[in-house]
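For reference, the structure discussed in these notes is given below.
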Amino acid sequence: MQPRALLLGRAVFLLAFLVGADPATGQDGLSLIEAARNEDAAAVRALVEAQAPVGTPQPDGATALHWAAHRDNLEIADILLRAGADVNVENELGVSPLSLACANGSAAMVEKLLAHGADANQTLPTGVTPLMTCARTGSVEAVESLLARGARVNDRETVRGQTALMWAVAEKHSDVAAALIAAGADVRARSLGEFTPLLFAAQQGDVASARLLLDAGVDVNEAGGNGSAALLVATESRHPAMVRFLIEAGADVDAIGAGRTALHAAVQQKRRDIVELLLAGGADIDARLLGRLPRVPGDLSVTSGPLSMVGATPFWLAAKFADLDLMRLLADRGADTRLANEGGTTPLMVAAGLGWVDGSDRYGRVKFNDDSVRRERHDLEAVKLAMELGGDVHAVDDHGQTAMHGAAYMGGDTIVQFLADRGAPVDVADNDGWTPLSIAEGLYVGGTFQVRPTTAALLRQLGAGQDSQ
């Protein structure tokens, strides 16, 4: 997870801070807060000279100095600090003026507060330090001021175990990252989710920070908790410049993370540019999946039932996604276009629709809308291409299913006709006794029940079911 996820917490304490004021009283302390909130320096000065208490809090614990820091008003902050305002005062959420100054990325305010004794290591209840916040907002001057005052560079917040360096890299602040590394930041630190600074850089496409980290001795192939190295993370995050950089830096193009290679991920992401970079870098064009792919937006195909992804090659995936461009590219570069997965399912079968379950989106949620017509028009071209590249209409997978079964699942009448015209049998029964006709007539599959009347009629017209009559 990125440090941006922690912005919600920041928004909560800022909201509480901003709405908690109750200046409708005549008390001098609260009037001082009102003046600071309105950035009325003359009124603040007059109230201070009249001995108004500078530390009076509003109901949520925020003081006039909090408001001066939040408004980034150096003049008012100076008046209050010279009058003895507590520089380390916290509101009821543990927010200090320094925290607010860092949230603004205000180097001048940070320096002023530190010069008046602000604690450079004062933390929020979640363990977030001023250094982390300044690293996220990107002021290298503020970061250097904190480091000069003894800010601990390797502290971790408690929610995700992330460091200031991780926050800087995740926001693509390479100048801040450089300052932190120079101050001794742990370049190999791991968050609770096993993400490292390099993996954050790969996720965000921050080549400059990645270069700093590699120069500092980080292994380009270091992996996260699920085995995903930076190259796979960059590919899945769609950052071709980062992919190129990592390959040139010696990344293992065939490294397997969470059961897949970067080439598998590039095909799933439909990124021809990244596929070409990986192939140019020597990626195994026929690498096999060791597990399922993660679900990403844009994949209309849903895999369920007996269909396994294990053993799938990049070309197999391109056929599954009906990505004609990548099918052609991979075939032209030498991919074995007939390799089946571990269950014997061929590229032709998945192009025809094997594994298709209507009524579900790619996250497995039931939608009850029919994508099959839209898919059929596109998948017919993928089926044709798979046939041109050696697909066998008679092939049967380990579950006893054929390409014709796939067409029946989808209700792809044009695919059924195309396959039949090329000699595909229409009455093959799988290991459970299901034929393409029984599928078209309605079976409970993957939580849905679909009847394909036109497909069933076409199959009967082609001779299906005659033996049972």
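Note that the sequence shown covers residues 829 to 1297 in the numbering used here.
All residues carry an ideal CB built from backbone N, CA and C; glycine is no exception.
Could you say which of S1002, L1027, R1072 lies nearest to E1050 if we only look at CA atoms?
-> Between E1050 and the set S1002, L1027, R1072, the nearest pair of CA atoms involves L1027.
Determine, using beta carbons only, whether V971 and L959 come nearer to each other than 9 Å.
-> Contact check for V971 against L959 passes: the beta carbons are separated by less than 9 Å.
Could you give the DSSP three-state label for G1293: helix, strand or coil?
-> G1293 falls in the coil class under three-state DSSP.
With burial defined as no fewer than 16 other Cβ atoms inside 10 Å of the residue's Cβ, what is the status of V1279: buried or exposed?
-> Exposed is the call here.
Round the Cβ separation of A936 and N916 to the nearest angstrom and send it over; I've been treating them as touching at under 8 Å.
-> At roughly 19 Å, the Cβ-Cβ gap does not stay under 8 Å, so A936 and N916 are not in contact.
Quick one, are the C-beta atoms of L1041 and V997 less than 9 Å apart?
-> Their beta carbons are under 9 Å apart, which means L1041 touches V997 by this criterion.
Does the pairing of the region 1018-1038 with the region 1078-1089 give three or more beta-carbon distances under 8 Å?
-> These segments do not touch.
Measuring alpha carbon to alpha carbon, tell me which of R1161, V876, D1043 ends up nearest A911.
-> Of the candidates R1161, V876, D1043, V876 places its Cα closest to the Cα of A911.
When the Cα of R977 is compared with those of A1011, G1218, D1241, which residue comes out closest?
-> The candidate whose alpha carbon is nearest that of R977 is A1011.
Among I1267, E862, M1155, nearest to G1219 - alpha-carbon criterion | It is M1155 whose Cα lies nearest to the Cα of G1219.
According to the Cβ coordinates, are V1046 and V1015 closer than 9 Å?
-> A contact, by the Cβ cut-off of 9 Å.
Taking C-beta to C-beta, are V1071 and L1105 nearer than 9 Å?
-> In contact: V1071 and L1105 (Cβ atoms closer than 9 Å).
Just mark P1025 as buried or exposed, buried being the case when its beta carbon has 16 or more other beta carbons within 10 Å.
-> Counting every other CB atom within 10 Å of its CB across the protein chains shown gives P1025 a total of 16 or more, marking it as buried.
What did DSSP end up calling R1156 once you bin it into helix, strand or coil?
-> The answer is helix: DSSP assigns R1156 an H, G or I state.
Pull up the DSSP beta-bridge partners for R1120, would you.
-> BP columns for R1120 are empty, so no partner.
Which first and last residues belong to the alpha helix (DSSP H) in which M1232 is found?
-> Bounds of the alpha helix (DSSP H) holding M1232 are 1231-1238.
For Q886, the three-state DSSP class (helix, strand or coil) = The answer is coil: DSSP assigns Q886 none of H, G, I, E or B.
In the structure shown, what three-state DSSP assignment does A905 receive?
-> A905: helix per DSSP, three-state reduction.
Measure the CB-CB distance between L828 and V938 and report whether it falls below 9 Å.
-> Limits of the chain in this structure are 829 at one end and 1297 at the other, which puts residue 828 out of reach.
Residue environment, G1291, which counts as buried when at least 16 other CB atoms sit within 10 Å | By the neighbour-count rule (16 or more Cβ atoms within 10 Å), G1291 is not buried but exposed.
Measuring CA to CA, which of S1019, Q1031, D1153, R1116 is closest to K1000?
-> K1000 has its Cα closest to that of Q1031, out of S1019, Q1031, D1153, R1116.
Closest Cα partner of E812 within the set G1139, Q1096, D1082 = In the structure as shown, the chain begins at 829 and stops at 1297. Residue 812 is therefore absent and cannot be evaluated.
What does R1088 pair with, by DSSP beta-bridge criteria?
-> Note: R1088 is bridge-paired with G1085 in the DSSP secondary-structure output.
Within the same chain, show all residues whose beta-carbon is closer than 7 Å to that of L1158, passing over the 5 residues directly before and after it, in chain order.
-> I1113, P1142, F1143, A1146.
Short Cβ contact (9 Å threshold) for V897 with S859 = Note that residue 897 is Ala in the sequence shown here, rather than Val. No, the pair does not count as a contact, with Cβ atoms beyond the cut-off.
Is P1281 buried or exposed, if buried means 16 or more other CB atoms sit within 10 Å of its CB?
-> By the neighbour-count criterion, in which 16 or more other beta carbons inside 10 Å mark a residue as buried, P1281 falls on the exposed side.
Could you check which residue in A874, L926, A870, A878 has the C-alpha nearest to that of T891?
-> Checking every option, the nearest Cα to that of T891 belongs to L926.
Excluding the 5 residues preceding and the 5 following G1109 in the sequence, name in chain order all residues of the same chain whose CB lies nearer than 6 Å to its CB.
-> Cβ neighbours of G1109 beyond the five flanking positions: I1075, V1081.
Environment of E862 [buried if 16+ CB atoms lie within 10 Å] = With 16 or more other Cβ atoms within 10 Å, it is buried.
For L1107, which residues of its own chain have a beta-carbon under 6 Å away from its beta-carbon, when the five flanking residues on both sides are left out?
-> Here the set comprises R1161.
What residue ranges within the region 971-1031 form continuous alpha helix (DSSP H) runs of no fewer than 4 residues, ordered along the chain?
-> Taking only runs of at least 4 residues, the alpha helix (DSSP H) segments lying wholly in the region 971-1031 are 992-998, 1002-1010.
At which residues does the alpha helix (DSSP H) containing G1039 begin and terminate?
-> It is Arg, not Gly, that sits at residue 1039 in the sequence shown. Per DSSP, R1039 belongs to the alpha helix (DSSP H) from 1035-1043.
DSSP-derived helix/strand/coil call for Q1278 = In the structure shown, Q1278 falls within a strand segment according to DSSP collapsed to helix, strand and coil.
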